[in-house]
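S.K.:
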Amino acid sequence: MRQNHHHRRPSEIGEQEHVPRAYNRFVLPCSVCIIDSTIYPIVDWSMGGVQIVADPRMFSQNQELELILKFKLQDSIVEIPCKGEIVRKATDRLGIKLEPLNQEAHQLSMKVLDSCVVNEFANSQAND
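Quick note on numbering: the sequence shown equals residues 17 to 144 in the working numbering.
What follows is the structure, encoded as structure tokens:
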């Protein structure tokens, strides 16, 4: 993980104050987010949020959404229904903060997380 070692106040550089993330982010190929029957590629995700490729003009800041996170794992496809809120908009991406997951969605997320960890470990061993 890259860390920023510059210690300037946000007001000095015109940026929002950096808040550490509560969860690690993961990248899993073949993952999408479905919002209102439209499919958006997932850039990365965590237990607390998801970043997707989307036209930010189609969404409002702080807009609440119902979405489905869909992941293709080695032996199955996992769909996780959840709710979230748009917290970041960029040129071609959106950051969505997820509401706390119910027990079933949390268990499905853990299955996806386990798959990510296994894939990252396998890739690290292949690169040695």
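Glycine included, C-beta positions come from ideal geometry on N, C-alpha and C.
Figure out for me which residue from Ile102, Ile96 and Val133 has the closest Cα to the Cα of Gln79.
M.R.: Of the listed residues, the one whose Cα sits closest to Gln79 is Ile102.
S.K.: Could you tell me how far apart the beta carbons of Leu89 and Val128 are, in whole angstroms, since I believe they sit closer than 8 angstroms?
M.R.: That pair is a contact at about 7 angstroms.
S.K.: Between Leu110 and Gly65, is the Cβ-Cβ spacing less than 7 angstroms?
M.R.: No, they are not a contact pair.
S.K.: Run the CB neighbour count on Ala138, radius 10 Å, all protein chains shown included, and call it buried at 16 or more, exposed below.
M.R.: When all chains shown are included, Ala138 counts as exposed.
S.K.: Val66 bridges to which residues according to DSSP?
M.R.: Note: Val66 sits in a beta bridge opposite Trp61 and Ile112.
S.K.: Among the candidates Ile55, Val59 and Asp52, whose CA atom is the shortest distance from the CA of Pro45?
M.R.: Ranking Ile55, Val59 and Asp52 by Cα distance to Pro45 puts Val59 first.
S.K.: Assign Ile96 to one of two classes, buried (16 or more other C-beta atoms within 10 Å of its C-beta) or exposed (fewer than that).
M.R.: Label assigned to Ile96: buried.
S.K.: For Phe87 and Ser131, what's the separation of their Cα atoms in angstroms?
M.R.: Spanning the two alpha carbons is a distance of roughly 10 angstroms.
S.K.: Who are Leu129's beta bridge partners in DSSP?
M.R.: Leu129 is not bridged to any residue.
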